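Residue numbers (our numbering): 53 to 188. Positions of the beta carbon are idealized from the N, C-alpha and C atoms, including for glycine. In this text, all values refer to a predicted model and were calculated from it rather than measured experimentally. See below for the structure under consideration.
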């Protein structure tokens, strides 16, 4: 199974060790699923974690976690899709990457993405739903 994680989940997993997002990402370490990313998603992960680090966690080193995610992920080119996908157009890359990777799940806490429910056959779920589904 292939899973795409949005930035908020990755940021929470990187900085908050006891978070639900961190627990959801352990499925990757346990080889319960594979992850897919695009270069645009990796760039967003790096930009947002860099900003959070600068503002809140100056001692943290998120680069190691991001490198691990990148190394464990399949990098795909987002599929060009017509029409409006998300209420927030910046979220479109997660849907187009998930479709290109033939992902089963898009894991997010973003209400704009969750409102889509199952775009192009990709189920949009929260980290809690992923944990329950995989019994992590």
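Q.
Does the beta-carbon of residue 88, which I'm using as the reference point, lie nearer than 7 angstroms to any heavy atom of the ligand ATP?
A. As for the ligand ATP, it is missing from this structure, which has no ligand bound.
Q) Can the beta-carbon of residue 156 be found closer than 8 angstroms to that of residue 175? A) On the chain shown, position 104 is the one that residue 156 refers to. On the chain shown, position 123 is the one that residue 175 refers to. It is a contact, given that the beta carbons lie within the stated cut-off.
(Q) By the DSSP assignment, the alpha helix (DSSP H) with residue 100 in it spans what residues? (A) Position 48 of the chain shown, counted from the first residue, corresponds to residue 100. Where residue 100 is concerned, the enclosing alpha helix (DSSP H) stretches over 91-108.
Q: May I have the straight-line CA-CA distance separating residue 148 from residue 77, to the nearest angstrom?
A: As a working note, residue 148 is residue 96 in the chain shown. As a working note, residue 77 is residue 25 in the chain shown. Approximately 21 angstroms, taken between the alpha carbons.
Q: State the DSSP-derived secondary structure class of residue 155, mapped to helix, strand or coil.
A: Against the chain shown, residue 155 aligns to sequence position 103. Coil, per DSSP.
Q. What does residue 121 pair with, by DSSP beta-bridge criteria?
A. The count along the chain shown starts at 1 and reaches residue 121 at position 69. According to DSSP, which records beta bridges pairwise, residue 121 is partnered with nothing at all.
Q) Rounded to a whole number of angstroms, what is the C-alpha to C-alpha distance between residue 160 and residue 133? A) For the purposes of this step, residue 160 is taken as the residue at position 108 of the chain shown. For the purposes of this step, residue 133 is taken as the residue at position 81 of the chain shown. Rounded to whole angstroms, residue 160 to residue 133 spans 20 angstroms at the Cα level.
Q: To the nearest angstrom, report how far apart residue 154 and residue 128 are at their CA atoms.
A: As a working note, residue 154 is residue 102 in the chain shown. As a working note, residue 128 is residue 76 in the chain shown. Rounded to the nearest angstrom, the two C-alpha atoms are 10 angstroms apart.
Q: Assign residue 143 to buried or exposed, taking buried as 16 or more other Cβ atoms, counted over all protein chains shown, within 10 Å of its Cβ.
A: The residue given as residue 143 occupies position 91 in the chain shown. Counting Cβ neighbours within 10 Å, residue 143 comes out buried, since at least 16 surround it.
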